[in-house]
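Input: a single structure, listed below in structure tokens.
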Amino acid sequence: MGDGTFKCVYKPTAAGQYIINVKVEGIHVPGSPFYVRI
1 MGDGTFKCVY KPTAAGQYII NVKVEGIHVP GSPFYVRI
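Have a look at this one:
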């Protein structure tokens, strides 16, 4: 986004447990992977 931040949007199509891996240059960002229940 030009200031060192990134934006990502994901719209799941089914309810359930999801694991979201967020990496920069192949390295997980702090807190990744994220576990989300939809």
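Residue 28 in full-length UniProt numbering sits at position 28 of the sequence shown, and the numbers go up by one each step.
Beta carbons: idealized from backbone N, C-alpha and C, even for Gly.
Under the three-state reduction of DSSP, I38 is assigned to coil, being neither helix nor strand. Residue pairing for Y18: DSSP places it in a beta bridge opposite V36. The shortest C-alpha to C-alpha distance from I38 to any of F6, A14 and C8 is the one to A14.
Look at K11 here: in three-state DSSP terms it is coil, with no helix or strand label.
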